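Before any comments, here is the structure.
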């Protein structure tokens, strides 16, 4: 039996009629606001080249680790999904067949945000009115592919249709930002900027770190065999990024540990890490010191700093060996902030020029550490619920656990953080709905007045992100 | 004043009328489904011997550590409750008097699941329509005892009345499963199976470990003075259990730590632990290695593996000295899974033959570790909320914190895990009601359609447990 | 535009009509009950001297770290708020100007309990019917100051108006309790007692510890150069406190660690700590041992023991250097109880004379550690949600996460723990509303009967605190 696909206009709102009515009214005020997407991982070449997307599988399955991790958890191999393995053998090449796997296993996604995002894309972007299932798989595949071949579905057209005011991607300091510069120099008005993500030249455990440091020196004409040359290379490269419109940096560390070493000590440590001989503890200490250096540079150049800590990357050894990074096998870790951030905060925490946006995958830190820290330090702001928690229940917990101590104005609106371009409006819509519903609850039990909630709805959907990221 | 005892037909459903209506409709579809009880601690001799239960106190108070821990927390001694102490002195022997204590202190249980389970037993199993209190204590005691003396209240009759399709107990490898074999060979059709719980011969800190290893060797005719003989003994004993209908193993470890040592190292460690001289760290390492060996054997013989980590056992030194284990003094500990499980997962985590069901008493791991792990690794499934969290709020948190990342199909339905036979239907009923209410919430805010919720209600109440445990 | 200030009579009650109706009925039974405030930090000289409060800024901003931490987090300096720095320079002295800052930034507090407490004070204590904002700042400032100059707003008059039955402050053993004795000896009937808070002479890391130990000896005529003399000094001073009406002790430690050392070891450790040479680990061990000694003394003298662990004090180094302690820069830490409390519990945990009330800032311990501990040990009770969690959502989480394992009768009612005298009724009112709403939810999904909820509402609002603190 083929089922109707219906996006209910009140989805995600409380079933309590009074609350729902307020949520609906608040949402009405924000649903058409432009999208600010200040942090994400879309591919800038989509917008510089503006070529059509290839097909449904290449667009919606292969780049989306949320999708393939769930399928993998129920026995579908990554080979079956056409992901190219390092050995290159036995990989499914029939994209239609791969699409059928998603269709047949689509029930696995019940209750997950992936399901909600995909259904929103299916309904709102492609106009489907039946659900994806085995019986509709071909209809879906053919319809999506036909649409993608039209001009209306090219990246720039979709960017405009999605009402995106600004989209940020994330690049390594070694990236020359050719795509972004092409976009800047084109006659297209879309604003697509990068973020300075220096992990490949800051994390001694990153694959290829030693040679990246050499490249970093060549690229900047700085002597990266010395620590001072290395810092100078960062300063130059940050300026280079900033000149293209970049307003933020991003740091993906295993922990939130910061440090500030004496001059001699950091120089010795730097010599060690660029020799490729650092122990895990020394690598951690180097990353910790560098966060403090990055804060220093942010005070100088005004780039907003983001810290995304607490992930055990590539946990599945067999998948990593065969398929490499970002294959749905990253797992959150316990993360502490209070003692870990202290060295950075002792040095720069009261500087009015600094903005440091903190994220977490460890929700226990919301009420215990992050809200108390952000509700005190002038430089700190709380990033939205991230990754595994970028979901209705995750968003609800974030507001329930941070608002009372940090308020709303120490938060920074929503980040979609996605590789899935088409899911951007769907993700922002979920955030807007959940925030409006949370505000409606506060109105209905008289913790906020309606006009305060109306102001806050706009702040959470649009203004706070724009201000925090200086966009 | 004697109060009415009424089990409201809508208990545990949302007070929002729309949600309640959906919850009621879903519950209607599952409330009569047979009970699958794949993990628990009832006494198999009840069903092999089918003798009448002795009286209300022996049946409902003395085996139930939920009941006596609460009474103890308000100054009732375990002697007052008739629990036999090791010294044997001053123990209350008048079971009617003990029953009166429960009646007088019954208000302490307000808001707890014990209260709900007991009231359900009182109403549904014994037909009471007044509440337990001092004034009704004798009426209760006499009525229950009279019922227990009749054939309709013998274990097998209750098993059938409870509509139990399969009940699993838990036994040590040293147990010869006589009771289970008696049941199998009887003309009674009830399915009562065991689970292979090797802690007494896997945990060097278990009381009597050294001599248990010797017995283990004698029982299997294997040379348990060598590690290879010890592994062979496990294989034989697992086969013995399996031949009686067993489908699972169960492992109750202080942590989720796993390891895989080199051959020489594990042989040396084994020699040490069977000498009784292992340090706590060595004992932990041995348990860790053995979990990986157990996973290997599960791949060979198909037994589903369960891990129940994270309890500080026998925390109250004085109670342990006088009364021994399982006296309500076990307290949960912080438990980590991500790094701890990695050695086992590195070795066997992608083997399609393995099922490893993870439990936790540390709810912080739900969204941070367990759902992300189970939403990726094909072998992993999430056990239901356990022990202290086997309660309405505990079940709500479990679904709220796991569904969005792991979905429903990486969970395995409900486990009652009880020593209290009469509470089994009450516990499953709570789980069914809470799951139906959760599904109803998702329907009412349009995250699921009603027909999806109807399918899922049956999965959660019946099918998922049956499949996961191969029953 | 100036907005109305309205305290809705149903604030904090569920928007579900059935639940709200029950919550309203329960609240009606408790809202007029006298206030028991068994733990807090008001200044006893207010009640001994009964002088008028100076002005709105001195009363409502300067003592309230909740208020200035939020303003500080958005770039208002502590100098701007008139807080006296150690250097003493550049501090704002115009209290009206400071009041304007609060008025202009009042939107920052949306969704926080501070906002709710202040609005309640504005409306119920001062009778305002417009909201605080830039346009009403002078009106507010002048009206409040005029009221404070009248007899009806002197401390004793407000104490009576607030219907406070008993108010506890907190003092060091070195305090001579002159203010309390003055109150006791006055013809005023208000009950204002202290609590014995020995941190300055128990914590070797407390500022001035070494000299405090000397003063402690002089004050008690005991030889505090020996450990036995030191213990004798505690006993004398506890007796002195008790003679003025004190019923409790309070311990604010970085962790919940307890220990019990051998006689020789503790004597050696004591010698070290009073020399000022103890390492952080030794200081921690001394505090740990002293908690066990304090439990011993509580068994002797009947003082109820309170433990408030888990705060990183004075986290902002720059603020601490310039402004000292208690400036909104204390941040919670991960806190463990299970292994940490074991030494104390092993020694005194089953003594029926001991009451030990546990607090936490780490909400993860509620369901995992604190409720299981308090639901077992006869001496343990759970303090209410504390500090950052003394808020509607914090209170909801406390009940949701502790009730099912510890019940209601292992909790001790509400503590306001405040330095802000005027906020006391507002804080108790929030607690009563939230508890009534929680009970109403349990009534509406049939986990409690209405008459049970009515009894419990009174217990939670009044009786449990009175009993637990022996007031």
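Chains as they are written, first to last, in the working numbering: chain A, 44 to 514; chain B, 44 to 514; chain C, 44 to 514.
Built from N, CA and C at the ideal position, the CB exists for glycine as well.
A quick note: this is a predicted structure, and the numbers were derived from the prediction, not measured.
CA-to-CA distance, residue j to residue i, given in whole angstroms
| i | j | result |
| --- | --- | --- |
| residue 310 (chain C) | residue 224 (chain C) | 35 Å |
| residue 374 (chain C) | residue 428 (chain C) | 16 Å |
| residue 450 (chain B) | residue 176 (chain A) | 18 Å |
| residue 513 (chain A) | residue 435 (chain B) | 45 Å |
| residue 138 (chain B) | residue 196 (chain B) | 19 Å |
| residue 128 (chain A) | residue 465 (chain A) | 25 Å |
| residue 169 (chain C) | residue 383 (chain C) | 46 Å |
| residue 76 (chain C) | residue 509 (chain C) | 12 Å |
| residue 291 (chain A) | residue 346 (chain A) | 5 Å |
| residue 274 (chain B) | residue 359 (chain A) | 27 Å |
| residue 245 (chain B) | residue 327 (chain B) | 10 Å |
| residue 317 (chain C) | residue 241 (chain C) | 15 Å |
| residue 515 (chain C) | residue 159 (chain B) | The requested residue 515 (chain C) does not occur in the structure, where chain C is confined to residues 44 to 514. |
| residue 370 (chain C) | residue 53 (chain C) | 34 Å |
| residue 433 (chain A) | residue 354 (chain A) | 15 Å |
Nearest residue (CA-CA) to residue i, options the options
| i | options | result |
| --- | --- | --- |
| residue 130 (chain A) | A:444, A:359, A:365 | A:365 |
| residue 174 (chain B) | C:399, C:504, C:336, C:495 | C:495 |
| residue 238 (chain B) | B:149, B:185, B:210 | B:210 |
| residue 147 (chain C) | C:178, C:158, C:120 | C:178 |
| residue 483 (chain C) | C:145, C:149, C:62 | C:62 |
| residue 437 (chain C) | C:452, C:113, C:457 | C:457 |
| residue 397 (chain B) | B:498, B:407, B:420 | B:420 |
| residue 271 (chain A) | A:235, A:354, A:308 | A:308 |
| residue 90 (chain B) | B:226, B:412, B:116, B:125 | B:226 |
Distance CB(residue i)-CB(residue j) smaller than 8 Å
| i | j | result |
| --- | --- | --- |
| residue 154 (chain B) | residue 461 (chain B) | no |
| residue 93 (chain B) | residue 198 (chain B) | yes |
| residue 424 (chain C) | residue 417 (chain C) | yes |
| residue 66 (chain C) | residue 480 (chain C) | yes |
| residue 278 (chain B) | residue 216 (chain B) | no |
| residue 459 (chain A) | residue 467 (chain A) | yes |
| residue 334 (chain B) | residue 401 (chain B) | no |
| residue 111 (chain A) | residue 121 (chain A) | yes |
| residue 72 (chain B) | residue 473 (chain B) | no |
| residue 445 (chain B) | residue 507 (chain B) | no |
| residue 505 (chain A) | residue 151 (chain C) | no |
Within-8 Å CB hit, residue i to chain B
| i | result |
| --- | --- |
| residue 159 (chain A) | yes |
| residue 371 (chain A) | yes |
Short CB-CB distance (under 8 Å) between residue i and chain A
| i | result |
| --- | --- |
| residue 95 (chain B) | no |
| residue 479 (chain B) | no |
| residue 367 (chain C) | no |
| residue 417 (chain B) | yes |
| residue 488 (chain B) | yes |
Short CB-CB distance (under 8 Å) between residue i and chain C
| i | result |
| --- | --- |
| residue 59 (chain A) | yes |
| residue 357 (chain B) | no |
| residue 32 (chain B) | In the structure displayed, chain B extends from 44 to 514; residue 32 (chain B) sits before or after that span and is not available. |
| residue 116 (chain B) | yes |
| residue 407 (chain B) | yes |
| residue 345 (chain B) | no |
Meets three-Cβ-pair contact criterion under 8 Å: the region 339–350 of chain C and the region 245–260 of chain C: no
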